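Only one structure is covered here, and it is reproduced in the block below.
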Amino acid sequence: MRFGNKGPKACQFSCIGFGNCVRACQFDAMHIENGVAVVDREKCTSCMACAAACPKQIIQKVPYEQRVLVGCRSNDKGAQTRKLCDAGCIGCMKCQRECPHEAIKVVNNLATIDYAKCTGCGHCAEVCPRHIIHPQKIYVQDE
């Protein structure tokens with residue numbers, strides 16, 4: 002991830018990588034990767050201790066079976082986001098226009114997914130010019 006001349010911590014909505022969430026998790030379900038907190042979905046119990054410990058309050062609970070994830074929490078307008086980070090949502094609405102299920106809306110300059118409507122088709126991820134919408138791998142266990 003490349004950041005503007007202000008550095009990776011310039012965005013008020015970005016992970017600062019201090020590891021408070023990692024230390025708060027009793028299930029070893031979080032780790033810091035490239036300066037950003039990452040959740041191990043197989044270990045996560047949704048206790049939300051990580052969210053309570055996050056100094057930026059940017060950790061959000063999503064359904065386990067979610068198929069798409071928006072990798073940004075910024076509510077800054079597009080021009081401001083572009084100045085600070087080249088991997089932030091700019092609120093362009095391409096994802097919203099392309100979703101055949103009306104499952105993604107841009108709210109407060111940020112792509113937001115309605116997981117009750119999302120089928121995981123991936124159209125939003127395909128059109129995202131900043132590549133911040135990511136399809137997630139879903140593992141199905143054989144019975």
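Whatever position you read off the sequence shown (first residue = 1), add 1 for our numbering.
C-beta atoms are modelled at their ideal positions from N, C-alpha and C, and glycine is treated no differently.
Remember, predicted model here, so these are calculated numbers, not experimental data.
Answer yes or no: do residue i and residue j have a C-beta to C-beta separation smaller than 8 Å?
i	j	result
His124	Glu99	yes
Cys22	Ile60	yes
Ser75	Lys62	no
Gly79	Cys93	yes
Ala104	Arg131	no
Val69	Ala117	no
Cys51	Cys12	no
Please classify residue i: does DSSP put it in a helix, a strand, or coil?
i	result
Cys55	coil
His135	strand
Glu43	coil
Ala80	helix
Lys118	coil
Val63	coil
Glu99	helix
His73	Reading the sequence as shown, one finds Cys at residue 73 and not His. In this structure, Cys73 counts as coil in the three-state DSSP scheme.
Cys86	strand
Ala50	helix
Distance check for residue j and residue i, CA to CA, integer angstroms please.
i	j	result
Ala30	Pro56	18 Å
Thr82	Gln97	19 Å
Pro64	Glu43	13 Å
Gln137	Glu66	9 Å
Cys86	Cys129	15 Å
Ala54	Asp41	17 Å
Asp77	Lys84	10 Å
Val107	Val39	24 Å
Leu111	Gln58	16 Å
His102	Thr113	13 Å
Asp115	Cys45	21 Å
Phe14	Gly121	25 Å
Met49	Arg24	12 Å
Is there at least one non-hydrogen atom of the ligand NAP closer than 7 Å to the beta-carbon of residue i?
i	result
Gln97	By its list of ligands, the structure shown contains no ligand whatsoever, and the ligand NAP lies outside what it can speak to.
Inset, instruction - Decide if the region 32-42 is in contact with the region 14-22; the criterion is three or more beta carbon pairs, one per stretch, under 8 Å apart. - result: Between the region 32-42 and the region 14-22 there are three or more inter-stretch CB-CB distances shorter than 8 Å, so the stretches are counted as touching.
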